[in-house]
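>
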Amino acid sequence: MSHKSSQNAAAPLSNELDMSAYWMPFTANRQFKANPRVIVEAQGMHYTAMDGRKVLDGVAGLWCVNAGHGRREIAEAVERQLLTMDYATAFQIGHPGAFELAARIARIAPVGLDRVFFANSGSEAVESALKIALAYHHARGQAQRTRFVGREKGYHGCNFGGMSVGGLVNNRRAFGALLPYVDYLPHTLDTKRNAFTKGQPEHGAELADALEGIIALHGADTIAGVIVEPMSGSAGVILPPKGYLERLRAICDRHGLLLIFDEVITGFGRMGAAFASQALGVVPDIFTVAKGITNGAIPMGAAIAKREIHDAIMQGPEHVIELFHGYTYSGHPVACAAGLATLDIYEGEGLFERAAALAPVWEEAVHTLKGEPHVADIRNTGIVAGIELEPRADGAGKRAFEVYQDCFANGVLVRQGGEIIALSPPLIVTESQIGEIVDALRNALRRVA
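So the sequence shown is numbered by this note's numbering: it starts at 1346 and just counts up by one.
1. How would you label Ala1785, buried or exposed, when you count the other beta carbons within 10 angstroms and need 16 or more for buried?
2. Identify the residues that DSSP records as bridge partners of Glu1818: which are they?
3. Assign Tyr1392 to one of three DSSP states: helix, strand, or coil.
4. Skipping 5 residues on each side, what residues in its chain have a beta carbon closer than 6 Å to that of Ala1624?
5. Which of helix, strand or coil does DSSP assign to Ala1519?
6. So what does Ala1387 bridge to, in DSSP terms?
7. Where are the alpha helix (DSSP H) runs, 4 residues long or more, that stay fully inside the region 1486 to 1514, in chain order?
8. Mapping the DSSP letters down to three states, classify Arg1760 as helix, strand or coil.
9. For His1600, name the three-state secondary structure that DSSP assigns.
10. In angstroms with no decimal places, state the Cα-to-Cα distance between Ile1438 and Thr1673.
11. Hey, quick one: how far does the beta strand (DSSP E) through Phe1541 stretch, first residue to last?
12. Are Gly1637 and Phe1613 touching if we call contact CB-CB under 8 Å?
13. Distance, Cα to Cα, Trp1707 vs His1664?
14. Determine the direct distance from the alpha carbon of Leu1552 to that of Asp1798, and round the result to whole angstroms.
15. In terms of residues, what are the limits of the alpha helix (DSSP H) holding Leu1786?
16. In this structure, how does DSSP classify Gly1693 when only helix, strand and coil are distinguished?
17. Taking the DSSP output, what are the residues bridged to Val1461?
18. Let me make sure I understand the geometry here. Which of Val1571, His1712, Ala1561, Val1774 has the alpha-carbon closest to that of Gly1544?
19. Per the contact definition of three or more C-beta pairs closer than 8 Å, is the region 1529 to 1537 in contact with the region 1493 to 1504?
20. Please name the residue, chosen from Ala1484, Leu1688, Asn1640, Val1748, that lies closest to Gly1661 on a Cα-to-Cα basis.
21. Examine the Cβ distances between the region 1565 to 1581 and the region 1424 to 1441 and report whether three or more of them are shorter than 8 Å.
22. Taking the Cβ atom as the reference point for each residue, do Pro1525 and Pro1586 lie within a distance shorter than 8 Å?
23. Is the number of C-beta pairs between the region 1689 to 1705 and the region 1763 to 1775 that are closer than 8 Å three or more?
24. Give me the Cα-Cα distance between Pro1629 and Leu1479, rounded to the nearest whole angstrom.
25. In chain order, what residues of the same chain have a beta carbon less than 7 Å from the beta carbon of Val1627, not counting five sequence neighbours either side?
26. Determine, using beta-carbon pairs with one atom in the region 1651 to 1660 and one in the region 1369 to 1386, whether at least three such pairs fall under 8 Å.
27. Helix, strand or coil: how does DSSP classify Val1665 here?
Set out below in structure tokens:
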């Protein structure tokens, strides 16, 4: 970036903001605008709040800034691309960055998953994966396979397809009828048997067998695929029990169903490997990514499919479009530049390996919160943790929201959803910063009634 643009970026904002026009997403708008939390700069592990306070980022922005904030390598790559070619359509035209980024992702993906379809977000990546699954079965003469199986407490974005296969009630209740022909597996959260488990819980693999019941009800030949998160982040860091994903994989194989992993949160090092499927040892047929693909710098997502799925759709005359799907900004040149620079950082700094090495330290630190006021459960994997609190009688989520506010006021950003506090700092976090995050949460728990 030029010296002039850097100066502009760092210029202080007025303390008087007109907040009326901006309808904020997934935010209690009235509460926020009465007591706003505004950040104006970010560098490394820290944000700077509007009042000048440093705020340690305990959630990697929103599960996405895995390499830390303000990475000059990404900013310079974006600037170069903007000045070289700001935009190119992906419809019947290509540019080098999209091909290079797809190839780089394919090289670190599980073996066999090497066909990359770019989108602009996790929500769009999920829509793409669902449509690819339908198109695959159609191309193989099984167009009757139109049903999907999601999971309770699953989160797959906010578009209609993702909402339909997702299982978070509040994300669905205001929007009426969604996609038809969707069933749901039971969730795997079992705090009675698995509370305070470190890593994958021992109990619950048998919950995968519910898929056999859904198949018996509808017939395998009506089901296109099963979509789950390897680790359910938005629902509060819910981990698959040992053997659970393996059972899902075996059932899908037995009945010809595609297994789709939503790795929008878990992708790019969060669980100590490039992707959760590698950390957990279970390979899907399609998986989705976003967030960490560009370190959060530019919106981007992708659906990555097995080669045989791609090849099955490559039918008909060669001049005819095979898959009628895509977005104006699919494989956007600037997003690709950011993605390539991000992959360079991950590889050059060994951040996936660093996350794996740091995971035991992280695990030990977050589990020291056991026994603190109102803590009902702690769940962790890789560099992510969920701390579930006991709800108050006057309403679920109130206590956790006050803990979230307390942490921010005292210099640490955490994430609150319902009665869960989620932690997922950038993978550059130090051991001392882990202690700072955990101590801020500990002190907040002791202060909040």
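No residue lacks a Cβ here, since even glycine has one placed at the ideal position from N, Cα and C.
Given the structure is predicted, the values throughout are model-derived calculations rather than measurements.
On the basis of the supplied data:
1. Taking the sequence shown and counting its residues from 1, the one referred to as residue 1785 is at position 440. Answer is buried; the Cβ neighbour count reaches 16.
2. A question about residue 1818 goes unanswered here, because the residues of the chain that appear run from 1346 up to 1794.
3. Here residue 1392 refers to the residue found at position 47 of the sequence shown. Here Tyr1392 sits in strand by DSSP.
4. Counted from its first residue, the sequence shown places residue 1624 at position 279. Closer than 6 Å at the Cβ level, and outside the excluded window around Ala1624, lie Met1616, Gly1617, Ala1618.
5. Residue 1519 sits at position 174 when you count from the first residue of the sequence shown. Correct three-state label for Ala1519: coil.
6. As a first step, residue 1387 is located in the sequence shown; it is residue number 42 there, counting from the start. Paired residue(s): Tyr1392.
7. 1505 to 1510
8. Counting from 1 along the sequence shown, the entry for residue 1760 is found at position 415. Strand.
9. Locating residue 1600 in the sequence shown gives position 255, counting from the first residue. Helix.
10. As a position in the sequence shown, residue 1438 is number 93, starting the count at 1. As a position in the sequence shown, residue 1673 is number 328, starting the count at 1. So the two alpha carbons sit approximately 12 Å from each other.
11. Taking the sequence shown and counting its residues from 1, one reaches residue 1541 at position 196. First-last for Phe1541: undefined, no H or E at that position.
12. Residue numbering aside, residue 1637 sits at position 292 when the sequence shown is read from its first letter. Residue numbering aside, residue 1613 sits at position 268 when the sequence shown is read from its first letter. Yes, they are a contact pair.
13. Position 362 of the sequence shown holds residue 1707. Position 319 of the sequence shown holds residue 1664. So the two alpha carbons sit approximately 53 Å from each other.
14. With the chain represented from 1346 up to 1794, any question about residue 1798 goes unanswered, as that position is not in the structure.
15. Reading the sequence shown from its first residue, position 441 is the one you call residue 1786. Its alpha helix (DSSP H) spans residues 1776 to 1792.
16. Position 348 of the sequence shown, counting from 1, holds the residue named residue 1693. Of the three classes helix, strand and coil, the one that applies to Gly1693 here is helix, per DSSP.
17. Residue mapping note: residue 1461 aligns to position 116 of the sequence shown, counting from 1. Paired residues: Ile1649.
18. Position 199 of the sequence shown, counted from the start, is the residue given in the question as residue 1544. Measuring from the Cα of Gly1544, the nearest candidate turns out to be His1712.
19. yes
20. Position 316 of the sequence shown holds residue 1661. Checking every option, the nearest Cα to that of Gly1661 belongs to Ala1484.
21. no
22. Stepping through the sequence shown from its first residue, residue 1525 is reached at position 180. Stepping through the sequence shown from its first residue, residue 1586 is reached at position 241. For Pro1525 and Pro1586, no; Cβs fall outside 8 Å.
23. yes
24. Position 284 of the sequence shown, counted from the start, is the residue given in the question as residue 1629. Position 134 of the sequence shown, counted from the start, is the residue given in the question as residue 1479. Their Cα atoms are separated by approximately 16 Å.
25. On the sequence shown, position 282 is the one that residue 1627 refers to. Cβ within range, chain order: Leu1590, Glu1591, Arg1594.
26. no
27. Stepping through the sequence shown from its first residue, residue 1665 is reached at position 320. Coil, per DSSP.
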